[in-house]
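Asks: My questions all concern the structure below.
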Amino acid sequence: MLIDFHTHAFPPALAGRALAKLSYDCGGLAPQTDGTVASLKAQMALDGVDLSVVNAIATNPRQQRKVNDYAIEMNADPQIRAFGSVHPDAPDALEELERIAHAGLKGVKLHPEYQGFYPDDPKMIPIYRKISRLGLIVTFHAGQDYGYPPPYRATPDRLKRMLKWLDSPVVAAHWGGLGLWQEVLDTLCGAPLWFDLSFGYGSMPRSVAQQILEKHGPEKLLFASDMPWHRPAWELRLLDTLDLAPADREKILWANAKALLGM
Ligand SMILES: [Zn+2]
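Written out as structure tokens, the structure is:
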């Protein structure tokens, strides 16, 4: 079994434009799907993925309801677990979190770059409290985002400081902080949160991946790709280079995710 904990898909009418803009901002990064769920599922079949978590991101306060409507629609597919999203500046963010939970979504994605906030800003406390009360998983973008110049908002340091406000499962994407590897190793490894392993292939030396694996532990790592930007098969190549016991590999590939998603 293989669970991909970090993917993206867009409503068919918006997918083309959304991918073109994101790709342009990332210097022409080549998408591996056409942005739709149908295309994501075709790639999942090719790479042997049984289930994907699809992350929605509300990039402005007015858009969050539509974004979550589509997440709820996608979540009806047995091969998809969609996470919703709220925008920190939306006046109805707390009510929207309730709607997300009551619709049966298991989690939300927050993106400090796209949504313009720092994870450890006290203005986020009401949102974190509500997420905790509802028992939602919360995935944060972490580290560099190739669509944005530095300095970055979702640093391991700030993510660690934020943890005291969350009493819910927290996932830091991209091995805890894309590109900020020394800070991940020094401050975030061993903290009570999960790392998803998306976008690691080609972005980090094998030795760093091995160190994070050893220091953070296989119980707190979740296989992930970041489709359409990276393919699951590429991330498996990185994992194949690591010294990893078969039982620990199973935890990373699906068992940790299955437990987290309550399956
Ligand atoms: Zn992503």
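Residue numbers (this note's numbering): 14 to 276. Each residue gets a CB set at the ideal place from its N, CA and C atoms; glycine is no exception.
1. Starting from Ile-144, trace the beta strand (DSSP E) in both directions and tell me its first and last residue.
2. Residues in the same chain with beta-carbon distance under 8 Å from Gly-275, minus the five sequence neighbours each way, listed in chain order, please.
3. For ligand 1, I want to know if His-21 counts as a neighbour, meaning its beta carbon is within less than 7 Å of at least one of the ligand's heavy atoms.
4. Touching or not, the stretch 14–25 and the stretch 42–58, by the rule of three or more beta carbon pairs under 8 Å?
5. Does the beta-carbon distance from Gly-190 to Ser-216 come in below 8 Å?
6. When DSSP labels each residue in this structure, what does His-8 get in the three-state scheme?
7. Specify, as a first and last residue, the run of the alpha helix (DSSP H) that Val-50 falls within.
8. Under a Cβ-count criterion, where at least 16 other Cβ atoms within 10 Å of its own Cβ denotes burial, should Ile-70 be classed as buried or exposed?
9. Shorter than 7 Å, the distance from the beta carbon of Ser-211 to the closest heavy atom of ligand 1, or not?
10. Which residue from Pro-104, Asn-81, Lys-54 and Val-99 puts its Cα closest to that of Asp-90?
11. Assign Leu-27 to one of two classes, buried (16 or more other C-beta atoms within 10 Å of its C-beta) or exposed (fewer than that).
12. Rounded to whole angstroms, how far is the Cβ of Thr-152 from the Cβ of Val-197, which I believe are closer than 8 Å?
13. Tell me whether Gly-156 is buried or exposed, calling it buried when 16 or more other Cβ atoms sit within 10 Å of its Cβ.
14. How many angstroms separate the CA atom of Ile-140 from the CA atom of Arg-112?
15. Considering only C-alpha positions, which residue in the set Asp-17, Asp-180, Ala-43 and Asp-261 is nearest to Gly-29?
16. Would you check if the stretch 102–110 and the stretch 161–170 touch, i.e. whether three or more CB-CB distances between them fall below 8 Å?
17. Looking at Asp-63 and ligand 1, is the gap between the Cβ and the nearest heavy atom below 7 Å?
18. Taking the alpha-carbon of Arg-142 as reference, which of Ser-181, Asp-158 and Asp-134 has the nearest alpha-carbon?
19. Could you spell out the range, first to last residue, of the beta strand (DSSP E) harbouring Lys-122?
20. Using only the heavy atoms of ligand 1, determine whether one of them is closer than 7 Å to the beta carbon of Asp-38.
21. How about Asp-17: is its Cβ closer than 7 Å to a heavy atom in ligand 1?
22. Say the cut is 7 Å; is the CB of Asp-239 nearer than that to a heavy atom of ligand 1?
23. Thinking just about the alpha-carbon of each residue, which of Lys-136, Asn-88, Pro-132 and Pro-74 is nearest to the one in Glu-109?
24. Does the distance from the CB of Lys-264 to the CB of Pro-218 come in under 8 Å?
25. Would you tell me roughly how many angstroms separate the C-alpha atoms of Tyr-131 and Trp-178, rounded to the nearest one?
26. Which parts of the stretch 226–264 are runs of the alpha helix (DSSP H), unbroken and 4 residues or longer, counting only runs that do not cross its ends?
Replies: Reading from the atomic positions:
1. Within the sequence shown, residue 144 is the residue found at index 131, counting from 1. Here Ile-144 belongs to no beta strand (DSSP E); instead the alpha helix (DSSP H) covers 138–147.
2. Taking the first residue of the sequence shown as position 1, residue 275 is located at position 262. Counting only Cβ-Cβ distances below 8 Å, and skipping sequence neighbours, we find Lys-119.
3. To locate residue 21, count along the sequence shown from 1; it is residue 8. Yes; taking the cut-off as 7 Å, the Cβ of His-21 has a heavy atom of ligand 1 nearer than that.
4. yes
5. Stepping through the sequence shown from its first residue, residue 190 is reached at position 177. Stepping through the sequence shown from its first residue, residue 216 is reached at position 203. Cβ atoms of Gly-190 and Ser-216: not closer than 8 Å.
6. Past the edges of the chain, shown from 14 to 276, lies residue 8, and the structure says nothing about it.
7. Working through the sequence shown from its first residue, we reach residue 50 at position 37. 50–60 is the span of the alpha helix (DSSP H), which, as asked, contains Val-50.
8. To locate residue 70, count along the sequence shown from 1; it is residue 57. So Ile-70 ends up on the buried side.
9. Start at 1 with the first residue of the sequence shown, and residue 211 comes out as number 198. Within the cutoff, so yes.
10. If you number the sequence shown from 1, residue 90 lands on position 77. Answer by Cα proximity: Lys-54.
11. Counting from one through the sequence shown, the residue named residue 27 turns up at place 14. Leu-27 is exposed by the Cβ-count criterion.
12. Within the sequence shown, the letter at position 139 stands for residue 152. Within the sequence shown, the letter at position 184 stands for residue 197. Actually they are not in contact, since the Cβ atoms of Thr-152 and Val-197 sit about 16 Å apart, beyond 8 Å.
13. As a first step, residue 156 must be located in the sequence shown, where it is residue number 143. By the 10 Å Cβ count, Gly-156 comes out buried.
14. Start at 1 with the first residue of the sequence shown, and residue 140 comes out as number 127. Start at 1 with the first residue of the sequence shown, and residue 112 comes out as number 99. Answer to the nearest angstrom: the Cα atoms are 14 Å apart.
15. Residue 29 sits at position 16 when you count from the first residue of the sequence shown. Per the Cα distances, Ala-43.
16. no
17. Residue numbering aside, residue 63 sits at position 50 when the sequence shown is read from its first letter. No, since every heavy atom of ligand 1 falls outside the 7 Å radius drawn around the Cβ of Asp-63.
18. By 1-based counting over the sequence shown, the position of residue 142 is 129. When only C-alpha atoms are compared, the closest one is Ser-181.
19. By one-based count along the sequence shown, residue 122 stands at place 109. That run of the beta strand (DSSP E) goes 120–123.
20. As a position in the sequence shown, residue 38 is number 25, starting the count at 1. No, Cβ of Asp-38 sits at least 7 Å from all heavy atoms of ligand 1.
21. Here residue 17 is taken as the residue at index 4 of the sequence shown, counted from 1. False, no ligand heavy atom lies under 7 Å from that Cβ.
22. Counting from one through the sequence shown, the residue named residue 239 turns up at place 226. The answer is yes for Asp-239.
23. Here residue 109 refers to the residue found at position 96 when the sequence shown is read from its first residue. The shortest Cα separation from Glu-109 among Lys-136, Asn-88, Pro-132 and Pro-74 belongs to Pro-74.
24. Numbered from its first residue, the sequence shown carries residue 264 at position 251. Numbered from its first residue, the sequence shown carries residue 218 at position 205. No, the pair does not count as a contact, with Cβ atoms beyond the cut-off.
25. Taking the first residue of the sequence shown as position 1, residue 131 is located at position 118. Taking the first residue of the sequence shown as position 1, residue 178 is located at position 165. Taking the straight line from one Cα to the other gives about 13 Å.
26. 245–253 and 259–263
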